[in-house]
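Participant:
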Amino acid sequence: MFARLARAIIGTSNDRAVKRYQARVPAINALEPQVAALTDEGLRAKTQEFRDRLAQGETLDALLPEAFAVCREASKRVLGMRHFDVQLIGGMVLHEGRIAEMKTGEGKTLVATLAVYLNALAGKGVHVVTVNDYLAQRDSGEMSRLYGFLGLSTGVIVYGLNDVERRAAYACDITYGTNNEFGFDYLRDNMKYRLDEMVQRDFHFAIVDEVDSILIDEARTPLIISGPSDESSELYGQVDAVVREVVKDKSTYEKDEKQRTVVMTEAGTEAMATALTEAGLLTEGDLYDASNITLVHHVNQSLRAHALFARDVDYMVRGGKVIIIDEFTGRAMEGRRYSDGLHQALEAKEHVEVQPENQTLASITFQNYFRLFPKLAGMTGTASTEADEFAEIYKLEVVEIPTNLPVARRDEDDEVYRSATEKYEAVANLIAECRERGQPALVGTTSIEKSELLSALLNKKGIPHQVLNARYHEQEAAIIAQAGRPGAVTIATNMAGRGTDIKLGGNAEALARASFPGEPEGPEFEARMAEIRREVEAAAARVKEAGGLFVIGTERHESRRIDNQLRGRSGRQGDPGASRFFLSLEDDLMRIFGSDRMGGMLGKLGLKEGEAIVHPWINKALEKAQKKVETRNFDMRKNVLKYDDVMNDQRKEVYSQRRSFMQAADVAETVAEMRRELVDDMVARAVPENSYPDQWDLEGLQERVLTLLGLDLPVAEWGREEGIDEAHLRDRIQEAADQAFAARAANIGPERMREIEKSLLLMVFDKVWKDHLLALDHLRQGIGLRAYAQRDPLNEYKSEAFNLFNGMLFDLREDVTRWLMHVNLMPEQPLPTPEPVQVTDARQPAPPSLLEGGAAEPAAFPGYGHATTDAAVQLSPGVRADDPSTWDRTPRNAPCPCGSGKKYKHCHGKSI
Numbered sequence: 000m001f002a003r004l005a006r007a008i009i010g011t012s013n014d015r016a017v018k019r020y021q022a023r024v025p026a027i028n029a030l031e032p033q034v035a036a037l038t039d040e041g042l043r044a045k046t047q048e049f050r051d052r053l054a055q056g057e058t059l060d061a062l063l064p065e066a067f068a069v070c071r072e073a074s075k076r077v078l079g080m081r082h083f084d085v086q087l088i089g090g091m092v093l094h095e096g097r098i099a100e101m102k103t104g105e106g107k108t109l110v111a112t113l114a115v116y117l118n119a120l121a122g123k124g125v126h127v128v129t130v131n132d133y134l135a136q137r138d139s140g141e142m143s144r145l146y147g148f149l150g151l152s153t154g155v156i157v158y159g160l161n162d163v164e165r166r167a168a169y170a171c172d173i174t175y176g177t178n179n180e181f182g183f184d185y186l187r188d189n190m191k192y193r194l195d196e197m198v199q200r201d202f203h204f205a206i207v208d209e210v211d212s213i214l215i216d217e218a219r220t221p222l223i224i225s226g227p228s229d230e231s232s233e234l235y236g237q238v239d240a241v242v243r244e245v246v247k248d249k250s251t252y253e254k255d256e257k258q259r260t261v262v263m264t265e266a267g268t269e270a271m272a273t274a275l276t277e278a279g280l281l282t283e284g285d286l287y288d289a290s291n292i293t294l295v296h297h298v299n300q301s302l303r304a305h306a307l308f309a310r311d312v313d314y315m316v317r318g319g320k321v322i323i324i325d326e327f328t329g330r331a332m333e334g335r336r337y338s339d340g341l342h343q344a345l346e347a348k349e350h351v352e353v354q355p356e357n358q359t360l361a362s363i364t365f366q367n368y369f370r371l372f373p374k375l376a377g378m379t380g381t382a383s384t385e386a387d388e389f390a391e392i393y394k395l396e397v398v399e400i401p402t403n404l405p406v407a408r409r410d411e412d413d414e415v416y417r418s419a420t421e422k423y424e425a426v427a428n429l430i431a432e433c434r435e436r437g438q439p440a441l442v443g444t445t446s447i448e449k450s451e452l453l454s455a456l457l458n459k460k461g462i463p464h465q466v467l468n469a470r471y472h473e474q475e476a477a478i479i480a481q482a483g484r485p486g487a488v489t490i491a492t493n494m495a496g497r498g499t500d501i502k503l504g505g506n507a508e509a510l511a512r513a514s515f516p517g518e519p520e521g522p523e524f525e526a527r528m529a530e531i532r533r534e535v536e537a538a539a540a541r542v543k544e545a546g547g548l549f550v551i552g553t554e555r556h557e558s559r560r561i562d563n564q565l566r567g568r569s570g571r572q573g574d575p576g577a578s579r580f581f582l583s584l585e586d587d588l589m590r591i592f593g594s595d596r597m598g599g600m601l602g603k604l605g606l607k608e609g610e611a612i613v614h615p616w617i618n619k620a621l622e623k624a625q626k627k628v629e630t631r632n633f634d635m636r637k638n639v640l641k642y643d644d645v646m647n648d649q650r651k652e653v654y655s656q657r658r659s660f661m662q663a664a665d666v667a668e669t670v671a672e673m674r675r676e677l678v679d680d681m682v683a684r685a686v687p688e689n690s691y692p693d694q695w696d697l698e699g700l701q702e703r704v705l706t707l708l709g710l711d712l713p714v715a716e717w718g719r720e721e722g723i724d725e726a727h728l729r730d731r732i733q734e735a736a737d738q739a740f741a742a743r744a745a746n747i748g749p750e751r752m753r754e755i756e757k758s759l760l761l762m763v764f765d766k767v768w769k770d771h772l773l774a775l776d777h778l779r780q781g782i783g784l785r786a787y788a789q790r791d792p793l794n795e796y797k798s799e800a801f802n803l804f805n806g807m808l809f810d811l812r813e814d815v816t817r818w819l820m821h822v823n824l825m826p827e828q829p830l831p832t833p834e835p836v837q838v839t840d841a842r843q844p845a846p847p848s849l850l851e852g853g854a855a856e857p858a859a860f861p862g863y864g865h866a867t868t869d870a871a872v873q874l875s876p877g878v879r880a881d882d883p884s885t886w887d888r889t890p891r892n893a894p895c896p897c898g899s900g901k902k903y904k905h906c907h908g909k910s911i
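Mapping to numbering that gives the first Met the number 0: the sequence shown position 32 is 31, numbers consecutive.
1. Once DSSP output is grouped into helix, strand and coil, what is the label at Ile462?
2. So for Gln55, helix, strand or coil by DSSP?
3. By the DSSP assignment, the beta strand (DSSP E) with Leu582 in it spans what residues?
4. Less than 7 Å between C-beta atoms, sequence neighbours within five positions excluded: which residues of the same chain meet that for Ala845?
5. For Glu48, which option in Arg590, Glu31, Asp39 and Leu120 has the closest C-alpha, if you only look at C-alpha atoms?
6. Hey, is the region 91-101 in contact with the region 366-378, meaning 3+ C-beta pairs nearer than 8 Å?
7. Have a look at Glu72, Asn161 and Met263 and flag the residue whose alpha-carbon is nearest the alpha-carbon of Lys254.
8. Between the Cα of Thr776 and those of Val645, Val125, Gln694 and Ile206, spot the shortest distance and give me the residue it belongs to.
9. Apart from the five residues just before and just after Gly90, which ones in its own chain have a Cβ nearer than 7 Å to its Cβ?
10. Decide if the region 570-589 is in contact with the region 422-430; the criterion is three or more beta carbon pairs, one per stretch, under 8 Å apart.
11. Cβ of Thr492 within 9 Å of Cβ of Ser450?
12. Have a look at Asp39 and Ala529 and give me their C-alpha separation to the nearest angstrom.
13. On the criterion of 16 or more Cβ atoms from any shown chain inside 10 Å, does Asn805 qualify as buried, or is it exposed?
14. In whole angstroms, what separates the C-alpha of Met635 from that of Asp562?
15. Output needed for Ile81: all residues of its chain with C-beta closer than 7 Å, excluding positions within five of it in sequence on either side, in chain order.
16. Taking the alpha carbon of Gly150 as the point to measure from, which residue in Gln572, Val351, Ala170 and Ala44 has its own alpha carbon closest?
17. Check whether the Cβ atoms of Arg571 and Ala538 sit closer than 9 Å, and answer yes or no.
18. Leaving out five residues on either side along the sequence, give the residues of the same chain with a beta carbon under 7 Å from the beta carbon of Gln733.
19. Using three-state DSSP, classify Phe804 as helix, strand or coil.
20. For Glu105, does the count of other Cβ atoms within 10 angstroms reach 16, so buried, or fall short, so exposed?
21. At the level of alpha carbons, what is the spacing between Arg729 and Leu194?
22. With a 10 Å radius around its C-beta and 16 neighbouring C-beta atoms as the bar for buried, classify Ile392 as buried or exposed.
23. Give me the Cα-Cα distance between Ala440 and Ala427, rounded to the nearest whole angstrom.
24. Report the rounded CA-to-CA distance for Ala509 versus Val535, giving the unit in angstroms.
25. Taking 9 Å as the threshold (C-beta atoms), are Ile173 and Gly236 in contact?
26. Please go through the region 129-213 and give each complete alpha helix (DSSP H) segment of 4 or more residues, from N-terminal end onward.
27. Since Leu63 and Leu145 should fall inside the 8 Å C-beta cutoff, what is the C-beta to C-beta distance between them, to a whole number of angstroms?
28. Which residues in the same chain as Thr11 place their Cβ atom closer than 7 Å to its Cβ, once the five residues preceding and following it in sequence are excluded?
29. Can you tell me the Cα-Cα spacing of Met190 and Asp765, whole angstroms?
30. Using the DSSP secondary-structure output, state which residues sit across from Glu399 in a beta bridge.
31. So, are the CB atoms of Val700 and Val686 less than 9 Å apart?
32. Starting from Asp255, trace the beta strand (DSSP E) in both directions and tell me its first and last residue.
33. In chain order, what residues of the same chain have a beta carbon less than 8 Å from the beta carbon of Phe365, not counting five sequence neighbours either side?
34. Per DSSP, what kind of secondary structure is Val17 in: helix, strand or coil?
35. For the beta strand (DSSP E) containing Gly443, list its first residue and its last residue.
36. When DSSP builds the beta bridges, which residues end up paired with Arg317?
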């Protein structure tokens, strides 16, 4: 009560924020006559004037009124569009690093130009992030005219560009691109071997369009660059054939649709074990024996593929490939793949070619990528429902910007039916009514399957319509552009981020271009354009008279934002419109998340066959159900982020260290320090503190010195000398190692040795980091079981990850020292520039090898064709390839004597 009273008297925090911004608008408007009097050259010269004033110490905030006035005048001259006062407010919100929530049709793309222009004056680059390549190209193409007029350069990052093109685009004052491209470029940059190969500049300022879609919906899935794994793909097909038969009996598994989990029942486990044994896949022991852990993993993923994932809902099959469907936007996510073998299980299920499993080489979540920007802003039509998450995760405040004209759309209460059949029949009848009176209808569905079901129903009734889903995404802009034609019926799967406004009467320019192939121009085209404009204006008048665009929702989404995005397509810029949602008790949201009270409530209200219940109570109950789902999804994303933050701290340290290696003129001191630390560690292990000489492991130390340093030193004899101690041993070994390395460097040549040191250090660094990521993946999968021992899994993960990181640094020192103490280069062989590591990201299913030529170890690294190694590297002393009893003498990181190509610790040394 008191809160309502306070809001009535002093307004909400949002109202107060808008008033504060509104107070600055008159100052911008007062400059309009003065700026309008400038010539084009004078207007363009303002950009350099602003930059000079910044260099002299003036702030961007002080420049804001003038810069906004200049940008608005340039927009009037170049684009024919003048920013409204509310758009000026939106520009201020973006400049301050906040989220501007603006209704559909309020001109967010134009709003962004204000903040982009002002912040680009600093010369540090501004990123404008969009949800797809089409929008990046469209927006950059249109707005580059404005920026170019003002003397700023514009670049665009889309899939398929090479590094030279990407570097040029990032060097521009303003760079458009998708969240995926920006994120993958960051990861790829941190896998390069030279600074001049990197494409991105330092982070400065980013504006994220459709910020809720990118920072909330897509944040569940991290960006992953992957390389090949040793795992075989054949087992997926074999397991799928078994699982397919077992799951026909629904009693063999239990499915929790809320948590999206599935587990085998006791009877199912027995049936699965029997079927696997008969198929020859389970050859020894029980299904859950340690030796069958890989088989269990394949079974679990195949079970998930069959029980939880539905074709044309979660994924689609096109061109012999399984393509993920984004549950929020309905888009086909080309090249994105589920991790941990799930995608392979789906490929086996659909009988398409099973692609090889990949191993993570680099990864980052969108949360951690966008938090790299010192200043971040966003814009969307629907952010207020997720304001808490934006504030907690990104420290972003949401400001709702008032509309330029009052919203005239009429939002009707939901209609609830008993069955889906009755619901779709009611939807079809309403569509027929709209078409009869010339009112365009936009029908929203939640999946391809349901959009095609409704399409078939409309075909039976003879109602012409257009279908927009992941199957037809290529035509989406053209379909949406004409969705406001009189009597048009458009069925769309999730309307998030389409980026094209629905104009009542249709889009005149799109209609004109459709009738003129190629690049239309000339008097004939202009005449046709004028004719179409008149026809569209008349059509718009008829549509307004019929009630504007009618938005029909065939189901409530589990997120209120998606429903609001669909509704927001109607009623742009004061246009009339209406919206209504149709539900049934069979809908997923009602069935899975609706409370038992809701069913009882509907019974009391007297729901009968063929009838609909319409009541505000229903809307409130559904909103509560949606809030519960949103809270659950937020918790899931927070949990993912907590674990990724542990890796993120390590990732930032690794990438920072890696960049310092590349920036250094040479790394001679670094590798020398690694050698000294390795010697210290070897001696400390062999000669424990406060131990007696007869407790020292001098033979083992002598063997490790030979294996790792390539030095045949009489360490055991030194240890028997009178008065010898740990310090003397360490100094002698260190001195011998330094002398041997100096001789090797003199033989190869100091300059060439410096190049070898840097290349080898970076390559080994990448190798141990890749192994570390794999270890973290495995740790993450099983850490939840620690909760059964009353331990916090997150704290356990932090502790284990820290130990693994220290182990990674030890492996780095050991591997770098071992290779540098053994590698030789033929003196006459020229030293070419090393090739960059060839990697793939999550969009390319067929990855090449991590190292050029598929080498598993950097013994013969890229570009060093005639690099050779001493015999000790190929086979350690005391180790015979024909005598497995000697293999336990092999160092952990040396190649396994069995010839598998794997490290000993990953092969025959696993159990040691």
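Backbone N, C-alpha and C fix where the C-beta goes; we use that ideal spot for every residue, glycine too.
It should be emphasised that the depicted structure is a prediction, and the values quoted were computed from it without experimental measurement.
Facilitator: Working from what's here:
1. Of the three classes helix, strand and coil, the one that applies to Ile462 here is coil, per DSSP.
2. For Gln55, the three-state secondary structure derived from DSSP is coil.
3. Leu582: member of the beta strand (DSSP E) spanning Pro575 to Ser583, first to last residue.
4. Confidence at Ala845 is low in this model, with a pLDDT of 29, below 50, so the placement of that residue is unreliable and no value is reported for it.
5. Out of Arg590, Glu31, Asp39 and Leu120, Leu120 has the C-alpha closest to the C-alpha of Glu48.
6. Cβ pair count under 8 Å is three or more, so yes.
7. Checked all of Glu72, Asn161 and Met263; the closest Cα to Lys254 is Met263.
8. A small fix is needed here, since residue 776 is Asp in this sequence, not Thr. Nearest to Asp776 by alpha-carbon distance, out of Val645, Val125, Gln694 and Ile206, is Val645.
9. Phe67, Val110, Leu113 and Ala114, listed in sequence order.
10. Touching, per the Cβ criterion.
11. Cβ distance < 9 Å, so Thr492 and Ser450 count as in contact.
12. Going from the Cα of Asp39 to the Cα of Ala529 covers about 28 Å.
13. The residue in question, Asn805, is exposed, as its Cβ has fewer than 16 Cβ neighbours within 10 Å.
14. Each residue's alpha carbon lies about 21 Å from the other.
15. It should be noted that the sequence gives Arg, not Ile, for residue 81. These residues qualify, in order along the chain: Arg71, Ser74 and Lys75.
16. For the residues Gln572, Val351, Ala170 and Ala44, the minimum Cα distance to Gly150 belongs to Ala44.
17. Not in contact: Arg571 and Ala538 (Cβ atoms no closer than 9 Å).
18. Same-chain partners within the cutoff: Arg675 and Val678.
19. Helix, per DSSP.
20. Within 10 angstroms of the beta-carbon of Glu105 lie 16 or more other beta-carbons, which makes it buried.
21. In this model, Arg729 and Leu194 are separated by some 37 Å (Cα to Cα).
22. When all chains shown are included, Ile392 counts as buried.
23. Distance between the alpha carbons of Ala440 and Ala427: 11 Å.
24. A straight line joining the alpha-carbon of Ala509 with that of Val535 spans about 11 Å.
25. Contact annotation: Gly236 and Ile173 have beta-carbon atoms that are not nearer than 9 Å.
26. Fully enclosed alpha helix (DSSP H) runs of no fewer than 4 residues occupy 132-148, 162-169 and 178-188 of the region 129-213, in order along the chain.
27. The pair is not a contact, with the Cβ atoms about 18 Å apart (cut-off 8 Å).
28. Same-chain partners within the cutoff: there are none.
29. Straight-line Cα distance between these residues: approximately 7 Å.
30. Glu100.
31. It should be noted that the sequence gives Leu, not Val, for residue 700. Yes, these two residues count as a Cβ contact at 9 Å.
32. Here the beta strand (DSSP E) through Asp255 covers Tyr252 to Asp255.
33. Contacts found: Asn178, Gly182, Ile213, Leu214, Glu217, Ala218, Pro221 and Leu222.
34. DSSP places Val17 in helix when its eight states are reduced to three.
35. Run containing Gly443: Ala440 to Thr444, per the beta strand (DSSP E) assignment.
36. Arg317 is bridged by DSSP to Lys320.
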